[in-house]
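If you use the numbering used here, the sequence shown corresponds to residues 753 to 891, in order.
Glycine included, every Cβ here is placed at the ideal spot set by N, Cα and C.
One structure is given below, encoded as structure tokens.
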Amino acid sequence: MVKVAKLYIKRAKGSPPENAVKLALKENAGVCGDIFATGGDRQVSLLYQKTQDEIDALSHGEPCLKKFCCNILLEGEKPSDLRVGQTITIGEAALEISSVGKECHSLCGLDVCPLVGGAVFARVSRAGVIKIGDIISYD
């Protein structure tokens, strides 16, 4: 079982992400009030706790690790068959996976960056509110 462990919103460039208890997701836009809620393929970012733990264990301060902050931190195992185009439901909202993995920053010195296979991006296909503790269902 996978569930929402933490939620974050980033309101302005250069500002730290804020913890949230719930987030409103707008269809075809992203997290309401988030600086990145501009449509496109990366409307919402998700990260599984295992990947976050790998990031936390690295003390290199690599640019990609310092800059990346997810909107939704998930507790539980990332499904091995998670794929682009798959729909996941969280609370009232539905998300379509648009990308699994992230290109590493050109200045990153890591041989293996946890974000390359660990970051997940999605488009909001059904608006709704999500909250900490919501269970994730996969199509």
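Asked	Found
Backbone secondary structure at GLU848 - three-state DSSP	strand
N-terminal and C-terminal residue of the alpha helix (DSSP H) that ILE787 is part of	Looking at the DSSP string, ILE787 is not in any alpha helix (DSSP H), and its letter there is neither H nor E.
Same chain, Cβ closer than 6 Å to GLU842, five either side skipped, listed in chain order	Correcting the residue identity first, residue 842 is Ile in this sequence and not Glu. Same-chain partners within the cutoff: ILE882, ASP886, ILE888.
Proximal residues to VAL773 (C-beta, below 8 Å), its chain only, five neighbours per side dropped	LEU759, LYS883, ILE884
As assigned by DSSP and simplified to three states, the class of ALA764	coil
Reduced DSSP category for GLU829 - H, G, I as helix; E, B as strand; rest coil	coil
GLU770: first and last residue of the uninterrupted beta strand (DSSP E) it sits in	770-772
Burial state of ASP786 (16 or more Cβ within 10 Å)	buried
Segment limits, alpha helix (DSSP H) that includes ILE888	Run containing ILE888: none in the alpha helix (DSSP H); it sits in the beta strand (DSSP E), 888-890.
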